[in-house]
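Chains as they are written, first to last, in my numbering: chain A, 1 to 146; chain B, 1001 to 1987. The structure under discussion appears below in the form of structure tokens.
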């Protein structure tokens, strides 16, 4: 279980800290790799830019993707992931403050696997993150070659 | 007569004498004809042979000439020059040669001389080795004759004759002398021959061409002739039947057939003469033998014939005939006996005839007198019946049977009693007549009466006693049908009555004057109008009554035989009168009939009509609305002042006079709304004259000063009572001002639209901005709250021991406040979303929605006991999502505020109030103070403390928005502690 990384794309350090804390609290001890904007996220996943030379055959078990991101927003990141053969089947869970319907609809249309709204009540949020992470880390088998 | 003795004897006689004679004649004629034909043929043969001999001689002479040139002068051994000279000499004295050519043993020309052109020995080296004229003589050493050719220009026959020149020592052909020969010479041979009438001689060559004839044109025409295989009577050169003989002359390969022919008529003239003479002789013999036979036979047969003729006459009744006795032989005795027999027969017949004549005369007289009687009886129109004293019918006529319809079988009974029984039922009063008939028979005087039949016919009966030489001879009955006469009388009476009724009741005055002007009749209802009663004028003189009135003149004209139609005025009454002369059946003038009709009222009506028309015209003329009226041919009858002014032609006087729509001078232009000229035939007035209506058609008129006016034209065809088009009318109010106003409105509308578009764009921009703002709020505003709440939680969890109870309470308050703010933000976003969301209209069942929501509420707090009363079938049209949100808010509100009620009840139903459907949500909860009702639907407005009832104060604001988006209204009524009622409508 430990070798299955969680890839978190989140620009808000408070939220990052709170998510880490929530996962820890629920004993999810997988390695968490964080990217702070859309460009960084893509560089990491495709082994480009600052992450050039990264072994791209190793992919995270699940990606937690915030929508509101500097440089390249979450939707665009998701679109590029789904357009690329290597990342086409990676599980992506959208994390967002918004519960705007159009965001939800668009995320699913672009191929998001789940959608979690970040509530103000952190306890709720922590529960949601835990459940989703468990699902994607434990139950869901990655497609072969991913 | 064919079988008479005479005919048979005559035929036998002729047969015996004529037969042998004819046979001998035919035999003689045949023999003579055959020998004559043979003679003619021999003659032809002879001539042919002679000509053949001469032709042969001609060619032999030519051959000799050619041969001699060599033999005498040794041509083949001479030098070429010498040869040339020698041949030139030959050419000079023998004019039949056209060309002479000497060929060497190879067939080359050594010398060539031609009469037709110059040539020399040197030039003539043509090679003729392949030609027949060389090949043939060279091969067999004999003279060669070429086929006859005809010179193209002259048509004369030419022929090549080639002579081989033999080497005396070797006997070989060393040279060949070729000559082209004009054989026209043979024409002369034929021409010299003495010919008989109808005889001709000609020569035909191998190819069947005629090469010589006494008539050169036959040759020149290129005539062909096929020589028959043998002599005899054949078809000649010109196609007729001829006696023909021919003789063949052979020259080398060529043949000449010398043909002589003579027409059959000429050649056999003698034979034909012989036959004709024989026939004549036979005919003469025939006539002679026939005559002789006839005479002899007649002598024998005549007395027998005479006897036969007389016997036949006697048999036919002619007893005066006697046999002529010409001889005293047996025939004579037979004749005398016959004569005396005939004489006795004649005497007895004469006696008989006299008796018959007497008898016939008496019968004829009787018959005549009876016919006269019958004809007389039949000719009268009365039915006649004559009876004897003992009731027997002796005479009657056809008319009698007709009148009483008596069938033949009744009549045949001959009894008057039977007749009376038969006719009695036809009578109207049969008993009366039956009683009377006995009396009539008994009395001797005449009697008469009138009988009415049931059929309606009326008969006059008359009967009298017949006296024959002083004795009573029976009774005569006469019946006359007087029905028609009676009917005519009645008809006349009725007619007169009818006439009188008509005249008396006529709404006119009817009067009759005699030829002196005296009034004999004056009737009619209108008579009182001129101050008379019917009949009052009768007997008075028209001359005196109306001495000064012009009608006297009319009456005089009518008396002169004229029908006069006039209008007269008598005592202010206008009378339309017709005066007609009337005549008796022989054309004498009896007087005048006058019929006068009161037309005073009609005149008045006509005048009134004219007045109305004038008024109407005046109204149209004065109308401020332009109008034009035209007749079907386009003549304009009304052109009102308003129209003139509208068209700007008020100053044009000529417009007023009878002008025509189709050819009038136009100083203005009729234009359609787009400014295109309207064709004359499409003008509303022209259309009206074609029977078409125009309704509210907008047009423009451009006047001569260039200004334009708008008009709205109505065109109407006008018909009379019998649907004939009598006029067309157009009415065209000036709508220029209205048009301007419309244009202004249009312009304003366009401006407005533009403004709306601009506003819409601005609004859309604002909306977008708002959306972006809302989006940003939902993300950015919540993130810090999340941190505040999250870290407060972390503090509480991780540093619980370092914080005392007060610190922990503060942190909980921080969390609570941040969560509340999160809720506020969410509600605010929802509210804004409701305003932004697009509406989807469809039928929505609010009752079903309300039940769903009630169930959900019940599930959130299963412990609560709330009674929901929801009316069935409340359906509306609206956006289902928004309506669900609205109803959810209202019911949730009610649910919330009935939390403390003892027997909570929430109702949903609809009602009609002021013709409007109003939906109601009612509860029996906490209610509210109506003083603050105006604050109820504002955002974040709360009428209760959070401590009492939690909430953000956004629910009713949302409800209000949704109701407004559906075009409806919402209001509330409440009493504190008793409950609240929310009413809403949905547009």
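Heads up, the beta-carbon is just placed ideally off N, CA and C, and yes, glycines get one too.
For residue i, return the contacting residues in chain B, with the cut-off set at a CB-CB distance below 7 Å.
{"i": "residue 120/A", "result": "1782, 1785, 1786, 1789, 1818, 1819 and 1822"}
{"i": "residue 71/A", "result": "Going along chain B, no residue has its Cβ under 7 Å from residue 71/A, so there is no contact; the nearest lies around 16 Å."}
{"i": "residue 21/A", "result": "1794"}
{"i": "residue 68/A", "result": "1779"}
For a contact meaning CB atoms closer than 8 Å, what does residue i contact in chain A?
{"i": "residue 1775/B", "result": "98 and 100"}
{"i": "residue 1793/B", "result": "122 and 123"}
{"i": "residue 1778/B", "result": "97, 98, 99 and 100"}
Assuming contact is defined by CB atoms lying nearer than 8 Å, are residue i and residue j in contact in what I supplied?
{"i": "residue 1885/B", "j": "residue 1898/B", "result": "no"}
{"i": "residue 1981/B", "j": "residue 1918/B", "result": "no"}
{"i": "residue 1185/B", "j": "residue 1156/B", "result": "no"}
{"i": "residue 1880/B", "j": "residue 1844/B", "result": "yes"}
{"i": "residue 1521/B", "j": "residue 1502/B", "result": "no"}
{"i": "residue 1857/B", "j": "residue 1891/B", "result": "yes"}
{"i": "residue 1702/B", "j": "residue 1669/B", "result": "yes"}
{"i": "residue 1828/B", "j": "residue 1976/B", "result": "no"}
{"i": "residue 1013/B", "j": "residue 1351/B", "result": "no"}
{"i": "residue 1041/B", "j": "residue 1232/B", "result": "yes"}
{"i": "residue 1307/B", "j": "residue 1334/B", "result": "yes"}
Taking residue i as the reference, give the member of the options with the closest Cα.
{"i": "residue 1574/B", "options": "1604/B, 1263/B and 1557/B", "result": "1604/B"}
{"i": "residue 134/A", "options": "64/A, 39/A and 58/A", "result": "64/A"}
{"i": "residue 1728/B", "options": "1684/B, 1933/B and 1286/B", "result": "1684/B"}
{"i": "residue 1199/B", "options": "1512/B, 1637/B, 1044/B and 1956/B", "result": "1044/B"}
{"i": "residue 1577/B", "options": "1322/B, 1584/B, 1592/B and 1733/B", "result": "1592/B"}
{"i": "residue 1637/B", "options": "1541/B, 1620/B and 1580/B", "result": "1620/B"}
{"i": "residue 1141/B", "options": "1172/B, 1168/B, 1111/B and 1160/B", "result": "1172/B"}
{"i": "residue 1249/B", "options": "1332/B, 1839/B, 1400/B and 1145/B", "result": "1145/B"}
{"i": "residue 1061/B", "options": "1261/B, 1143/B and 1115/B", "result": "1143/B"}
{"i": "residue 1888/B", "options": "1046/B, 1740/B and 1959/B", "result": "1959/B"}
{"i": "residue 1438/B", "options": "1417/B, 1427/B, 1499/B and 1426/B", "result": "1417/B"}
{"i": "residue 1676/B", "options": "1708/B, 1695/B, 1647/B and 1691/B", "result": "1708/B"}
{"i": "residue 1440/B", "options": "1428/B, 1457/B and 1476/B", "result": "1476/B"}
{"i": "residue 1661/B", "options": "1644/B, 1642/B, 1793/B and 1681/B", "result": "1681/B"}
Return the chain-ordered list of same chain residues with a C-beta closer than 7 Å to the C-beta of residue i, the five sequence neighbours on each side being excluded.
{"i": "residue 1672/B", "result": "1678 and 1699"}
{"i": "residue 1785/B", "result": "1818, 1821 and 1822"}
{"i": "residue 1473/B", "result": "1466 and 1467"}
{"i": "residue 1036/B", "result": "1268, 1270 and 1271"}
{"i": "residue 73/A", "result": "38 and 67"}
{"i": "residue 106/A", "result": "75"}
Might you give, ordered along the chain, the residues of its own chain that have their beta carbon closer than 8 Å to the beta carbon of residue i, omitting 5 neighbours on each side?
{"i": "residue 1298/B", "result": "1006"}
{"i": "residue 1870/B", "result": "1847, 1850, 1851, 1854, 1907, 1908 and 1909"}
{"i": "residue 1166/B", "result": "1141, 1172, 1173 and 1174"}
Closer than 9 Å by beta-carbon distance: list the chain B residues that pair up with residue i, in chain order.
{"i": "residue 15/A", "result": "1783, 1786, 1787 and 1790"}
{"i": "residue 30/A", "result": "Correct list: empty, because the minimum Cβ distance to chain B is about 21 Å."}
{"i": "residue 113/A", "result": "What residue 113/A touches in chain B: nothing, since even the nearest Cβ is about 22 Å away."}
Leaving aside the five residues before and after residue i along the sequence, list all residues of the same chain whose C-beta is less than 6 Å from its C-beta, in chain order.
{"i": "residue 15/A", "result": "none"}
{"i": "residue 1423/B", "result": "1404"}
{"i": "residue 1237/B", "result": "1225"}
{"i": "residue 1321/B", "result": "1310, 1313 and 1314"}
{"i": "residue 1121/B", "result": "Confidence at residue 1121/B is low in this model, with a pLDDT of 46, below 50, so its placement is unreliable and the value that follows should be read with caution. Once the five neighbours on either side are set aside, the close Cβ partners of residue 1121/B are 1080, 1084 and 1111."}
{"i": "residue 1924/B", "result": "1901, 1905 and 1979"}
{"i": "residue 1563/B", "result": "1580"}
{"i": "residue 1338/B", "result": "1323"}
So which residues of chain B does residue i contact, with C-beta pairs closer than 8 Å?
{"i": "residue 18/A", "result": "1786, 1787, 1790, 1791 and 1794"}
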